[in-house]
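For reference, each letter of the sequence shown is one residue, going 1 to 316 in UniProt numbering.
Each residue gets a CB set at the ideal place from its N, CA and C atoms; glycine is no exception.
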Amino acid sequence: MFPHLESVPQKQLESTGDGRVEDDNVEQLKGYRKKWDGVYSNDLDIEWHCSFEQVRDLLEPYLQQATVDAGTEGEGHGKVLLDVGCGSSSFAEEIMRIGGYASRFQEVVLTDISSVILERLKSNWCERQSAADAARRFVVCDCRNFVEKEVPEGSVDVVIDKGTLDAMDSEADKAATFRECVRSLRRAPAPEGSSSTACFVSISFPAVARLHFLQAMAAAAEFHDLIESPHIHVVGDKDPAYGGRVVFVSIFQVKHGRPGRESVNQASPGTSQCPVPYCPSALTTTVLARAQKSQSIINEPDDEDDANIMGALFDE
């Protein structure tokens, strides 16, 4: 139900002045593109991790909040959805078609390193498009360095990463991709109670290392004033300790920077000031507590004391 994503080769990177990355060898980027063109030349129908239908109920509140004022004058006009490293996934299309968001977004931007798969997606959309559809833009780009080059900074209302961070072989690549996703999010302040709130949705393998990575990135100085702590959800058929297959769905909401507002630990139910509160399922609570105690989503630790485990997991 949740197919595995193949990792990409290690790339040597160096930091630029603004914290972004550049390849020290252009040939490596060409090789990366060649690899994924090859993958999609052989299989054009891969759906990484999960379908939209499998996470629809979870994502609906965030999507609705991000588009709450869509179609109105001013800030709500011109909503944009960005799928970073979309590959062959139909996730963005399912949001429009199954979720009924076609009228709420003005533009859907699909990016990938592979021109092969983007040509296929573009052809499919051209065959099915209707007058009611949001505009589509298909962009071949490097997900580690696309803001301003392909997408204006602060212009996107919903960013989707479904398996793209998983495809990054180094921590530097992951951090650069995360940074670009956050930079693309719309951050304009809006009135209390009537504002839409941009969000970044990252769907990934259920690796404990991913929890540490997301927490560290959200807490970094460059992001602390931009995004709330992540709402991390575990989605799947049953507890992985009993053979279930799960994915992590991590959602970051943008801070509006209202005067006097302080950062809130969004991981603790009942304490959130976000427009969409954190409401973890029983499966989420169980798996994250286990991950905190044993650094595994499967193996239980010897110590069964669960006191304050959810709070400890997300202590800043």
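I'd like to confirm the pairing. Which residues does DSSP put opposite residue i in its beta bridges?
i: residue 136; result: 108
i: residue 161; result: 202
i: residue 208; result: Note: residue 208 sits in no beta bridge, so no partner.
i: residue 117; result: Answer is none; residue 117 lacks a bridge partner.
i: residue 227; result: 254
i: residue 246; result: 236
i: residue 185; result: 156
If you reduce the DSSP assignment to three classes, tell me which class residue i lands in.
i: residue 122; result: helix
i: residue 257; result: Legend: pLDDT at residue 257 = 49, less than 50; position of this residue unreliable, no value from coordinates given.
i: residue 268; result: Interpretation of residue 268 is limited by its pLDDT of 39, a score under 50 that renders its predicted location unreliable; no figure is taken from the coordinates.
i: residue 83; result: strand
i: residue 31; result: helix
i: residue 151; result: strand
i: residue 52; result: helix
i: residue 232; result: strand
i: residue 178; result: helix
i: residue 156; result: strand
i: residue 301; result: coil
i: residue 216; result: helix
i: residue 42; result: helix
i: residue 294; result: helix
i: residue 98; result: coil
My assumption, with CB atoms under 8 Å, is that residue i sits in contact with residue j. Please give the rounded CB distance.
i: residue 374; j: residue 236; result: Nothing about residue 374 can be read from this structure; the chain reaches only from 1 to 316.
i: residue 161; j: residue 203; result: 7 Å
i: residue 92; j: residue 110; result: 6 Å
i: residue 199; j: residue 66; result: 5 Å
i: residue 196; j: residue 157; result: 7 Å
i: residue 140; j: residue 113; result: 7 Å
i: residue 98; j: residue 53; result: 6 Å
Decide if residue i is buried, meaning its Cβ has at least 16 other Cβ atoms within 10 Å, or exposed.
i: residue 233; result: buried
i: residue 183; result: buried
i: residue 240; result: buried
i: residue 144; result: buried
i: residue 301; result: exposed
i: residue 279; result: exposed
i: residue 149; result: exposed
i: residue 299; result: exposed
i: residue 260; result: Since pLDDT at residue 260 reaches only 29, below the 50 mark, its modelled position is unreliable, and no value is offered.
i: residue 87; result: buried
i: residue 85; result: buried
When you compare the CB positions of residue i and residue j, do they come within less than 8 Å of one another, or not?
i: residue 151; j: residue 82; result: yes
i: residue 159; j: residue 208; result: no
i: residue 246; j: residue 206; result: yes
i: residue 55; j: residue 254; result: no
i: residue 317; j: residue 213; result: Absent from the model: residue 317. The displayed extent of the chain is 1 to 316, so no value can be given.
i: residue 165; j: residue 146; result: no
i: residue 94; j: residue 51; result: yes
i: residue 108; j: residue 136; result: yes
i: residue 101; j: residue 59; result: no
i: residue 186; j: residue 154; result: yes
i: residue 89; j: residue 47; result: yes
Is residue i close to chain D, meaning its C-beta is less than 8 Å from at least one C-beta of that chain?
i: residue 295; result: Annotation note: the requested chain D is absent from the structure, which comprises a single protein chain.
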